[in-house]
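Novice: Residue numbers (the numbering used here): 14 to 281.
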Ligand SMILES: C[S@@+](CC[C@H](N)C(=O)[O-])C[C@H]1O[C@@H](n2cnc3c(N)ncnc32)[C@H](O)[C@@H]1O
């Protein structure tokens, strides 16, 4: 294969082209990771350089869609990092910090395992209570899968047998459909956390944003942190991923109440 060195001028041209094509600003991604992923993608299609790669993406909608999806990486599973969901479950109990949560936002929900996990917890606490989950992602295809609500055995590996029997119906080999009573509780919509254009939820009791911004630059991360905090009501709770950190928590009037759980100041 021809050389795939990423020269800064070509990369800038490529980023401009991708912003037009996918409406994703690659400059917000950590550069080392970006270079590595682009090199891998170019190698797979045998693109000579970034200009050649961009041309092919522009001329081939199927290829473009395929790479766009790979770029946004939507790996997930039910109750991912089960210890954090166990903690959240505690907080939803009558004596817990979020016992009266009504509006929950799963930001970067991928194909739905995260918001449906939340729906299971909420349904167990308050089966007929007033609550709703908003689930957003930049990836339309992932959202379509989420709306369909069909999952594999692997997705369900952290789901207890009791919950599997209660909330899923087998619909084929290695295919399990989530119950409609949970589906009805979730509103899925497209949202780019870096370009929300005012469409982000407001006054949420709980916001989850996990494993979404790990590859973003520090500037893009703090832009998203700000957005997430603005989406919380005073006293609301933010949950981040088990490998993530929030060095700007204090500046954003967030108090760490447990590792990966932050509470917005009641006065903010
Ligand atoms: C690894 S998945 C995380 C799914 C789930 N939160 C979890 O932890 O299992 C990352 C998701 O972030 C989404 N994503 C990436 N960049 C985004 C952006 N700028 N705005 C919104 N979602 C984005 C991807 O499409 C992908 O579905």
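From the three backbone atoms N, C-alpha and C, an ideal C-beta is built for every residue, glycine too.
(1) Counting Cβ pairs closer than 8 angstroms, one from the stretch 220-230 and one from the stretch 110-125, do we hit at least three?
(2) At what residues does the beta strand (DSSP E) containing residue 126 begin and finish?
(3) Keeping to the same chain, check which residues put their C-beta closer than 6 angstroms to that of residue 17; ignore five residues upstream and five downstream.
(4) With DSSP as the reference, identify every bridge partner of residue 267, one or two as the case may be.
(5) On the CB-based measure, 16 or more other CB atoms within 10 Å of its CB, does residue 140 come out buried or exposed?
(6) Tell whether a beta-carbon distance below 8 angstroms holds between residue 274 and residue 100.
(7) What's the C-alpha gap between residue 155 and residue 267?
(8) Whole-angstrom Cβ separation of residue 191 and residue 162, contact assumed at under 8 angstroms?
(9) Could you compute how far the alpha carbon of residue 19 sits from the alpha carbon of residue 113?
(10) Between the C-alpha atoms of residue 59 and residue 110, what's the straight-line distance to the nearest angstrom?
(11) I'd like to check one pair, residue 238 with residue 218: are the Cβ atoms closer than 8 angstroms?
(12) Alpha carbon to alpha carbon, how far is residue 203 from residue 152?
(13) Could you tell me the boundaries of the alpha helix (DSSP H) in which residue 58 lies?
(14) Taking the alpha-carbon positions, what's the residue 148 to residue 201 distance?
(15) At what residue ranges does the stretch 137-163 contain a whole run of the beta strand (DSSP E), taking only runs of 3 or more?
(16) Does the beta carbon of residue 89 fall short of 7 angstroms from some heavy atom of ligand 1?
(17) Helix, strand or coil: which one does DSSP assign to residue 181?
(18) Is residue 125 near residue 159, with beta carbons less than 8 angstroms apart?
(19) Within this structure, are the beta carbons of residue 123 and residue 91 separated by less than 8 angstroms?
(20) Check whether the Cβ atoms of residue 189 and residue 207 sit closer than 8 angstroms, and answer yes or no.
(21) What number of angstroms, rounded off, separates the C-alpha of residue 232 from the C-alpha of residue 40?
(22) Enumerate in chain order the residues of its own chain whose CB-to-CB distance from residue 289 is below 8 angstroms, with the five nearest sequence positions on each side excluded.
(23) What are the residues that DSSP puts in a beta bridge with residue 221?
(24) When DSSP labels each residue in this structure, what does residue 31 get in the three-state scheme?
(25) Suppose only complete runs of 4+ residues qualify. What are the alpha helix (DSSP H) ranges in the stretch 179-216, listed by chain order?
(26) Less than 7 angstroms between C-beta atoms, sequence neighbours within five positions excluded: which residues of the same chain meet that for residue 89?
Specialist: Well, looking at it:
(1) yes
(2) Premise fails: residue 126 lies in the alpha helix (DSSP H), 126-138, not in any beta strand (DSSP E).
(3) Note that residue 17 has pLDDT 46, beneath the 50 cutoff, so the model's placement of it is unreliable and the number below is only indicative. So the list reads 52 and 55, once near-sequence residues are dropped.
(4) 277
(5) Here residue 140 is exposed. Its C-beta has fewer than 16 other C-beta atoms within 10 Å.
(6) yes
(7) 31 angstroms
(8) 4 angstroms
(9) 51 angstroms
(10) 53 angstroms
(11) It is not a contact, given that the beta carbons lie outside the stated cut-off.
(12) 7 angstroms
(13) From DSSP, the alpha helix (DSSP H) with residue 58 extends over 44-58.
(14) Looking at the two C-alpha atoms, the distance is approximately 5 angstroms.
(15) 145-150
(16) yes
(17) strand
(18) Cβ distance < 8 angstroms, so residue 125 and residue 159 count as in contact.
(19) no
(20) Cβ distance not < 8 angstroms, so residue 189 and residue 207 don't count as in contact.
(21) 10 angstroms
(22) The requested residue 289 is not part of the displayed model; the chain covers only 14 to 281.
(23) 119 and 252
(24) helix
(25) 193-196
(26) 123, 124, 126 and 127
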